[in-house]
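When the count follows this note's numbering, it moves up by one through the sequence shown with no breaks and lands on 351 for the last residue.
C-beta atoms are modelled at their ideal positions from N, C-alpha and C, and glycine is treated no differently.
A quick note: this is a predicted structure, and the numbers were derived from the prediction, not measured.
Down below is the structure, laid out as structure tokens.
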Amino acid sequence: MIRIHFIVNPIAGHGNAPLTKEELQPYFITHVHDLTIKVSQYKAHATQLAQESIAEAADIIVACGGDGTINEVAACLIGTKVALGILPMGSGNGLASNLKIPKNRRKALAIIRDRHMECMDVGTINGRYFFSNTGVGFDASLIKNYESSEKRTLLGYISACVTTFKDIKKNKPLSISINGEEPLVNPFIILISNSNEMGYKLSLTPKASLQDGKLDVLIIKKINRLKMLWLGCLIILRKVHWLKESTSYQTTQLQLTRNHEAFFDTQIDGEHHELSTNIVDIAILEKSLCVLTAK
């Protein structure tokens, strides 16, 4: 028997698409696939459920939710032989989109049933894992505002963008050094990507790959509000490199050092995290996660 465990975030997306074993069974073979459904109840509960599923000898663990749920589940599977399946149920679904896993439930379940497996790179930030991207600056503040709004929709994302734009002048001065080089004062964005999508089909690093053993780094220096609006247009066009204040490069590791303050406001796979340190080490673990994808 192939043991498949589904870990469901019941509030992902609009929170109105629950999964039941009766609904899933027709997509699988009764005498071949043994299905188990677990529902997460609070933040980080999906990690606990995934660890229990590993102990129960699951062959495949399916994260049913958005990038945050995927992060909680996938973090347990790095370096194991247990495959990660993804059933996109979130709002942005950036990693699923990069892996060409459709939001259509029937098609996504077919990928899980067919068990075509590939290995992907994983990023690390001070001992935490990220699968899509992590960042400091505007995007970290944006995610912080997005989470506080509790509106997991594109409209909620746009509203959080507007709030973040308004708050920029209120932010404390920020000075960050990258690999010990000359400090950037109030950088607009420092984004480190493993994936080429951030969700909602938006991308700041369209050339990033999950399998090239590299992290794509985008640095945008301090810009004025007019340039911010121009950047928004370039993100939609996937032409961020047209902005002269932007710099892009690839690396396997980097270190951020914050001057004067002993914490970093970051976003990790679309969720806000405050790191209580003034040094952040970021690196790549090459092809360390097995994931089910379309052929």
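Which residue from the options puts its Cα closest to that of residue i?
{"i": "I275", "options": "G269, L310, L258", "result": "L310"}
{"i": "I134", "options": "L258, P243, I67, F187", "result": "F187"}
{"i": "R294", "options": "D272, H329, K257, K277", "result": "K257"}
{"i": "G124", "options": "S109, G150, D115, T136", "result": "G150"}
{"i": "K163", "options": "G148, S147, G141, D177", "result": "G141"}
{"i": "K270", "options": "L230, N250, R281, M254", "result": "N250"}
{"i": "I67", "options": "I110, S147, H316", "result": "S147"}
{"i": "E253", "options": "A152, V95, K278, T136", "result": "A152"}
{"i": "N315", "options": "I279, I234, E327", "result": "I234"}
{"i": "S265", "options": "I248, K277, Y202", "result": "I248"}
{"i": "N242", "options": "E108, E317, K278", "result": "K278"}
In its own chain, which residues sit with a C-beta less than 6 Å from the C-beta of residue i, not counting the 5 before and 5 after it?
{"i": "L155", "result": "T349"}
{"i": "V296", "result": "L260, L290, S302"}
{"i": "L240", "result": "I232"}
{"i": "L143", "result": "V118, C120, A164"}
{"i": "Y185", "result": "A131, V178"}
{"i": "K77", "result": "L91, I93"}
So, for residue i: in the same chain, excluding its five sequence neighbours on each side, which residues have a beta-carbon less than 7 Å away from its beta-carbon?
{"i": "F84", "result": "L91, R169"}
{"i": "S205", "result": "G212, S215, A216"}
{"i": "Y305", "result": "V273"}
{"i": "T219", "result": "N201"}
{"i": "D195", "result": "I245, L247, Q323"}
Taking 8 Å as the limit between beta carbons, can you name the residues of its chain near residue i, skipping five residues before and five after?
{"i": "C175", "result": "Q267, K343, S344, L345, C346, V347"}
{"i": "V88", "result": "M57, I58"}
{"i": "H172", "result": "L348, T349, A350, K351"}
{"i": "A114", "result": "R59, I60, H61, T92, V138"}
Taking buried to mean at least 16 other C-beta atoms within 10 Å of its own C-beta, is residue i buried or exposed?
{"i": "S197", "result": "buried"}
{"i": "I292", "result": "exposed"}
{"i": "S332", "result": "exposed"}
{"i": "G236", "result": "exposed"}
Any Cβ of chain C within less than 8 Å of the Cβ of residue i?
{"i": "I275", "result": "In the structure shown, chain C cannot be found, because there is only a single protein chain."}
Exercise for review: Check whether the region 179-192 touches the region 282-295, counting contact only when three or more Cβ pairs, one atom from each stretch, lie closer than 8 Å.
Suggested key: no
Point to revise | Three-pair Cβ contact test at 8 Å for the region 316-323 versus the region 190-200 | key: yes
Check your understanding: Would you call the region 120-138 and the region 60-70 touching, i.e. three or more CB-CB distances under 8 Å?
Key -> yes
Exercise for review: Indicate whether the contact test is met: 3 or more Cβ pairs, each with one atom in the region 159-166 and one in the region 331-339, closer than 8 Å.
Suggested key: no
Practice item. Tell me, please, whether the region 127-143 touches the region 103-112 by the rule of three or more beta-carbon pairs shorter than 8 Å. Key: yes
Check your understanding: Which parts of the region 243-267 are runs of the beta strand (DSSP E), unbroken and 3 residues or longer, counting only runs that do not cross its ends?
Key -> 245-249
Check your understanding: Can you give, in chain order, each stretch of the alpha helix (DSSP H) that sits fully within the region 310-339 and has at least 4 residues?
Key -> none
Practice item. Would you mind listing the beta strand (DSSP E) stretches within the region 268-312 that are 3+ residues and don't spill past its ends, in chain order? Key: 271-276, 302-307
**Study point:** alpha helix (DSSP H) segments (min. 4 residues) lying fully within the region 109-166
**Key:** 123-130, 150-154
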